[in-house]
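Protein chains in written order, with the numbering used here: chain U, 75 to 661; chain W, 2 to 231. We put the CB at the ideal spot given by N, CA and C, even for glycine. Report on one structure; see the data block that follows.
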């Protein structure tokens, strides 16, 4: 039956006609993508509010009477978990993966739409369980987003009654949801492309999402297993992660478990997770830069292999998160080496992005602003990664604000930059209306400059030795008074950046309501999703006939061609080959 | 390169070596010439492999790190038959049953390809029955250990991680077998009812079910080796 759905067809087949099948229990990948997007952004706003509460506490201690160390740790934990998993992973893969894969590959839908729908509803369930943890006795867990045992499940840690259990259960549910979606994404990319769409003609967005999904399918199992084992430790008293220890003056019943095992399992998931978030961003930003610089992406094949190489390497670097846990020096040496090797394919990508811009016809419109902003934040975050990848440099910096600055720059802000670029870029296709340019530019500049105002000083604080995850600093000799001033500045910048996100929400609402109508290809882009007969694309995407692809995704400014772009579904013209460099589009 | 592109003969020759392999795999429409469901099952099993691998490495890690002595599996899992303790006899029978079920599954796949739906369905039911017997014996084994005082949180014979790992790993595998039994039974019913005749006699579902079943068997072989024989 699945085969019928993808073939050419000249009549409508089972199109959903009621409100419920169209918008609620929808099996259409585009609707599911929007559902994922709305929930992810909604839950992301909660995480944003939590981060503001934390910042206010650090910059202006004792501002709120409800702010206690107990709450502070709950906010730290939930903020981190939401941002990494429920926002970034869900929005890149569930949102953009769902929207772009079938459209960019020339498919009518995902291969198993029903499972795709289940994936969203199970994801929603995981979000509900996560949020519910705030309302149970003891509240959400305050173990830090890494949930390290033994403290995560010992009395005295916030939420050690119910919060930690709900968090682990929510993660397990999320992994089930991700697996259902992820199997769909991978199978669709591998098996359901339209005629002519070879793997080496796919836009880099699809490559990034594809490899990231494979990483997810192989890395989430470790988190799943760790979550099960920790739930058992907490609920029925097994001792997988729990050694014999003294807590609150009493010995525990546990004996012989290995807390380090949890760290290994967690980071075997956790490091690939960084790339689950980063690879889709790499892919999408390549497409944005190429489209808006009106130039083919520099070194397409190298970009693809770099994505694959980064994906493979990401499985052998995890213990660089554990230098301070103590390990055999040879292990440290090994993981430091692999970590620094990852810089090679990553640097290739950065050079290629810059070379794509080099002498391009750069249109500084909204998506392009965010894409170039990403290059800046990513380089800065990446460079501090080289510090932290080395064992001896990492040891003094690991528990300081330097690390906060590093990972927010490289895997927080950078992917978010791409997300905003992607939202502005595909907004006309998704909604049929153009986003407001002025509001978007205000949003960009406030966010971009605010980011630096927030995170650059954190590197300085880190080098001072200011420890992270502290509720209050009190009187400490090695922290000068000026550090408090810096912290106040950071907090004010954070408030400004958060306000900018309200501008974004307002922009989305305004553009949906009164935005200029978009034609089907406002950016004059080459990829297939801009060549649909309807905007926004209707159920089945392509009308009666599937597209056929004749060239790669980056035919911008082809010499001798009148228009400065040739869509992927345009046949090769007679004599065109001889105009091209190195036959890049022939394959 | 540009000149090559102009020459039709150059296009006709498939590239060789690594380039050829990459090109083969990267052709348009599909990378593997198999149905979607089968491709998806393969990818799912790859993901599931990582789950069991993590379970087993986690178990090996706690087994090596715990300070208390690990019980000897050949003694723990021995059954007394006619007053004579035979090590691992129940596990041996369970393994034999599960391997046999893989054989009947393979036969079912074979008859599925021949579109002999009655034989295929019958063999699927037999496979499911073997699976149910396996789970039954596992329940017996659990009961025996629980009666001897082994719990996930405590173990009179030594390290408490022994009980924890045992119940966790065999439990998770047992869930997989039970799910497989249901999956097989539902699949067999649909095959028997002729659902797939209406879809042009396409019995690939038998093979997809079979992939899952063989995987669950294979996992058991590893559990057998790493938990019972070590």
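By alpha-carbon distance to residue 587/U, the top candidate from 642/U, 131/U, 533/U, 510/U is 510/U.
A contact between stretches requires three or more CB pairs, one per stretch, nearer than 8 Å, and the region 482-496 of chain U fails this requirement with the region 540-551 of chain U. The three-state reading of DSSP puts residue 569/U in helix, counting H, G and I together.
Counting along the chain, residue 162/W sits inside the alpha helix (DSSP H) bounded by residues 161-194. With its beta carbon at least 8 Å from every one in chain W, residue 196/U lies outside the interface.
Between the C-alpha atoms of residue 386/U and residue 393/U there is a straight-line separation of about 15 Å. Sequence-distant Cβ neighbours of residue 532/U in its own chain, meaning closer than 6 Å and more than five residues away, are 475, 478, 479.
Judged by DSSP in its simplified three-state form, residue 85/W adopts strand. Within a 10 Å sphere around the beta-carbon of residue 640/U sit 16 or more other beta-carbons, which makes this residue buried.
Under the three-state reduction of DSSP, residue 308/U is assigned to helix.
Taking all protein chains in view, the Cβ of residue 85/W is surrounded by fewer than 16 other Cβ atoms within 10 Å, so the residue is classified as exposed. Chain-order list of chain W residues neighbouring residue 220/U: empty, with the shortest C-beta distance near 17 Å, by a criterion of under 8 Å.
Residue nearest to residue 414/U within the set 450/U, 461/U, 455/U, 615/U is 461/U (criterion: CA-CA distance). At least one beta carbon of chain U lies nearer than 8 Å to the beta carbon of residue 160/W. Residues of chain W whose Cβ lies closer than 7 Å to the Cβ of residue 298/U are, in chain order, 52. In chain U, no part has a C-beta under 9 Å from the C-beta of residue 61/W; the shortest such distance is about 10 Å. Classified as buried, residue 145/U has 16 or more neighbouring CB atoms from the shown chains inside 10 Å of its CB. For residue 295/U, the neighbours in chain W by C-beta distance under 7 Å run, in chain order, 48, 51, 52, 55. Neighbours of residue 267/U in chain W, taken as residues whose beta carbon is under 8 Å from its own, are 29, 30, 31 in chain order. By the neighbour-count criterion, in which a residue is buried when 16 or more other Cβ atoms sit within 10 angstroms of its Cβ, residue 82/W is exposed.
Residue pairing by DSSP puts residue 591/U in a beta bridge opposite 507/U. Between the alpha carbons of residue 572/U and residue 115/U lies a gap of roughly 13 Å. At a cut-off of 8 Å between beta carbons, residue 67/W contacts chain U.
Taking C-beta atoms as the reference points, residue 109/W and residue 125/W count as a pair closer than 8 Å. Positions of the beta strand (DSSP E) runs, each at least 3 residues long and wholly inside the region 303-381 of chain U, cannot be given because no such run exists. Of the other Cβ atoms in all chains shown, 16 or more fall within 10 Å of the Cβ of residue 503/U; this residue is therefore buried. Its Cα nearest to that of residue 599/U, the residue 437/U stands out among 489/U, 483/U, 342/U, 437/U. By alpha-carbon distance to residue 227/U, the top candidate from 336/U, 507/U, 528/U is 336/U.
Taking all protein chains in view, the Cβ of residue 149/W is surrounded by fewer than 16 other Cβ atoms within 10 Å, so the residue is classified as exposed. Judged by beta-carbon spacing, residue 142/U lies beyond the 8 Å limit of residue 215/U, meaning their Cβ atoms are not closer than that value. Where residue 214/W is concerned, the enclosing alpha helix (DSSP H) starts and stops at 205-224. Beta-bridge annotation (DSSP): residue 639/U is paired with 630/U. Residue 51/W: member of the alpha helix (DSSP H) spanning 37-66, first to last residue.
C-alpha of residue 428/U to C-alpha of residue 487/U: approximately 19 Å in a straight line. DSSP, read as helix, strand or coil, puts residue 152/W in strand. In this structure, the alpha-carbon of residue 106/U lies about 14 Å from that of residue 610/U.
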